[in-house]
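Numbering (full-length UniProt numbering), first residue to last: 1 to 669.
Structure record follows, encoded as structure tokens.
Below, the structure written as structure tokens:
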């Protein structure tokens with residue numbers, strides 16, 4: 001009886017919104033034309049129409065989600081099944097499969113119904129032949145391809161928790177990633193199995209209970225594409241047990257941190273369902289939309305804000321096997337994509353490519369992502385014919401995200417852009433606080449011990465409110481098996497005693513219009529090649545190799561002209577007995593060989609400098625800020641010798657010629 005009443009209330013609310021509220025909103029917009037334009041001026045000033053577009057969806061989506069939680073059907077699996085039932089013949093996945101001839105592709109395409117049936121056949125294989133069960137945590141070490149999504153949703157069907165491994169990870173970080181998630185089995189894509197195979201001995205030695213399964217696509221496809229192969233649909237009560245909560249893990253995604261090892265961020269069902277659904281709507285993803293992504297699916301950008309956001313709206317996701325600047329627009333054209341995903345680095349890479357016939361033949365109207373800098377924003381849009389930029393701010397573990405849907409000239413470079421009403425509402429859950437002027441990794445506290453909101457134009461740390469301070473996991477789930485790291489992201493007693501806020505670790509500033517702009521990372525983590533790099537992890541690995549020859553090491557990220565993010569810069573202080581190694585390229589390249597076995601390529605230091613002594617403050621803290629401001633290529637005085645990582649193969653002295661080649665794009669970092 002209660003469920004019937006709830007259903008009636010939900011239907012009534014939706015009916016009211018559709019038949020009364022929405023028509024009134026459109027009537028206001030229509031009447032705005034004849035009434036002397038004052039309504040248009042009001043809308044222009046407060047962006048009422050933009051806010052109303054978001055609000056109408058939120059008013060229906062949230063009650064619908066609350067109803068799904070009440071029924072115990074809040075998992076994204078049911079959203080997918082809904083699309084199968086209502087849009088079964090609509091394209092779901094498109095894959096430009098790379099052929100042996102460079103730059104040529106063969107399109108694979110799957111409808112929602114075809115994808116669903118493949119997932120059920122793969123579920124049967126995983127359940128009956130590999131012993132995967134509900135509540136198991138199962139790791140996936142996969143490249144971008146349809147099989148990634150098939151495997152992912154098969155695990156969801158069974159009721160297991162997928163753990164997305166970064167296939168560049170190897171050595172101790174990889175073993176740690178598997179261990180902290182309590183993984184029972186790892187399914188490995190043969191295409192990207194190299195890093196895991198190098199670490200297999202350590203995994204079998206330290207984690208003998210973990211099963212490693214190397215799967216051949218050809219062998220698996222023979223089974224899952226056969227319409228006569230058996231299917232497996234998990235029982236609802238096992239996939240969705242009555243004791244389940246919507247802040248339990250939907251999947252685990254790894255992120256680098258200052259602890260030196262990857263952290264397993266919990267992506268809750270609440271965030272995956274309601275967050276991705278709202279995001280997809282804001283980015284105007286519809287049933288006839290195709291979103292092209294060349295981002296790795298093991299990251300939340302492609303997985304959650306790509307696949308899940310698209311599926312929530314019944315659209316199609318087009319997956320590139322890997323990013324290629326030379327074929328990016330060709331793939332977007334072949335897949336008839338209406339949207340593309342980016343990170344700032346990608347946009348700059350694309351602008352550096354020669355003109356291609358496909359860069360204007362495509363159907364893309366919306367480009368969304370994060371990290372697009374204001375200096376190339378309009379250039380990117382104008383060259384490639386992009387009408388709308390959907391810049392956002394988000395992180396894998398953050399409880400909320402911010403968005404902008406930017407047209408024209410207003411709001412260029414912003415990562416949060418809303419009208420007056422929504423900005424006011426969001427001020428309850430999002431804020432920017434002042435940071436300590438002497439140490440930007442620490443928030444500023446006044447004489448009363450409280451934080452202060454940063455005024456416009458002043459960079460500060462972005463915070464997100466935790467609504468239940470005594471039960472923070474309801475808002476911020478944190479990192480699996482890492483209570484210390486989870487607690488470090490929670491800041492308490494911010495504006496009043498007892499409150500709690502999530503620390504983003506990022507510097508953000510606002511302007512007089514209420515728009516927000518990303519400034520930089522804080523602390524010991526920096527971003528390079530679209531990846532978060534842990535300075536502590538790199539420092540630890542350098543010391544593990546050279547603990548007898550290196551007395552101290554500092555790793556920071558430094559700015560390089562015309563490059564997004566910060567390149568890794570290692571400052572080495574040699575031990576007294578090893579001073580003769582200063583400038584020894586062989587020593588650096590021996591170190592490089594060791595680092596390649598335990599660090600992904602993007603984490604290898606791009607630049608290295610030897611110093612007599614690493615600088616410290618009076619209270620014995622390392623002066624990292626001075627190293628972050630390193631002047632390239634030869635220091636502020638022009639007399640320093642730096643070494644650079646050429647082609648990821650060797651360290652060489654950085655010469656003026658090298659620097660010219662780097663700046664002109666002749667060589668790539």
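We put the CB at the ideal spot given by N, CA and C, even for glycine.
Residues near residue i in its chain [Cβ-Cβ closer than 6 Å; skip 5 each side]
i: residue 667; result: 661
i: residue 619; result: With a pLDDT of 40 at residue 619, under the threshold of 50, the modelled position of that residue is not reliable, and the figure given next carries that caveat. Answer for residue 619: no residue qualifies.
i: residue 142; result: 148, 189
i: residue 399; result: 464, 475, 476, 502
i: residue 572; result: 550, 553, 610
i: residue 266; result: 249, 477, 480
i: residue 303; result: 297
i: residue 146; result: 93, 95
i: residue 274; result: 65
Inter-residue Cα distance where the pair is residue i and residue j
i: residue 192; j: residue 443; result: 41 Å
i: residue 3; j: residue 276; result: Confidence at residue 3 is low in this model, with a pLDDT of 43, below 50, so the placement of that residue should be treated as unreliable; the coordinate-derived value is given next. Going from the Cα of residue 3 to the Cα of residue 276 covers about 26 Å.
i: residue 125; j: residue 215; result: 12 Å
i: residue 252; j: residue 130; result: 21 Å
i: residue 87; j: residue 539; result: 51 Å
i: residue 80; j: residue 311; result: 6 Å
i: residue 504; j: residue 128; result: 42 Å
i: residue 494; j: residue 467; result: 13 Å
i: residue 457; j: residue 403; result: 19 Å
i: residue 407; j: residue 243; result: 45 Å
i: residue 163; j: residue 157; result: 15 Å
i: residue 411; j: residue 643; result: 40 Å
i: residue 233; j: residue 413; result: 46 Å
i: residue 7; j: residue 73; result: With a pLDDT of only 46 at residue 7, under 50, the local geometry of the prediction cannot be trusted, and no value is derived from it.
i: residue 165; j: residue 641; result: 38 Å
i: residue 186; j: residue 211; result: 6 Å
i: residue 590; j: residue 118; result: 47 Å
i: residue 144; j: residue 639; result: 45 Å
i: residue 470; j: residue 160; result: 29 Å
Nonlocal neighbours in the same chain, by C-beta distance under 8 Å from residue i, ignoring five residues either side
i: residue 169; result: 177, 195, 254, 262, 600
i: residue 672; result: Limits of the chain in this structure are 1 at one end and 669 at the other, which puts residue 672 out of reach.
i: residue 421; result: 46, 48, 51, 55
i: residue 622; result: 554, 614, 615, 616
i: residue 287; result: 87, 90, 313, 314, 315
For residue i, the first and last residue of its enclosing beta strand (DSSP E)
i: residue 111; result: 105-111
i: residue 185; result: 185-189
i: residue 552; result: 550-558
i: residue 368; result: 366-370
i: residue 389; result: 388-393
i: residue 253; result: 249-255
Start-to-end residues for the alpha helix (DSSP H) that takes in residue i
i: residue 656; result: 656-664
i: residue 217; result: 217-224
i: residue 347; result: 344-351
i: residue 592; result: 585-596
i: residue 237; result: 236-239
i: residue 379; result: 374-384
i: residue 276; result: 276-282
i: residue 334; result: 328-334
i: residue 672; result: Here the chain covers residues 1 to 669 and nothing more, so residue 672 does not appear.
i: residue 171; result: 171-180
i: residue 146; result: 146-158
Short Cβ contact (8 Å threshold) for residue i with residue j
i: residue 250; j: residue 235; result: no
i: residue 553; j: residue 543; result: yes
i: residue 116; j: residue 84; result: yes
i: residue 344; j: residue 373; result: yes
i: residue 154; j: residue 181; result: no
i: residue 418; j: residue 390; result: no
i: residue 339; j: residue 285; result: yes
i: residue 506; j: residue 461; result: yes
i: residue 76; j: residue 308; result: yes
i: residue 292; j: residue 330; result: no
Per DSSP, the bridge partner or partners of residue i
i: residue 76; result: Residue 76 pairs with nothing; no bridge assigned.
i: residue 205; result: DSSP, once it has assigned bridges, lists no residue as partnering residue 205.
i: residue 508; result: 460, 518
i: residue 532; result: 527
i: residue 443; result: 435
i: residue 416; result: 516
i: residue 116; result: According to DSSP, which records beta bridges pairwise, residue 116 is partnered with nothing at all.
i: residue 430; result: 464
Same chain only: Cβ atoms within 7 Å of residue i, ignoring 5 sequence neighbours per side
i: residue 669; result: 560, 563, 567, 606, 662
i: residue 259; result: With a pLDDT of only 42 at residue 259, under the threshold of 50, the placement of this residue in the model should not be trusted; the figure read from the coordinates follows. Around residue 259: 485, 536.
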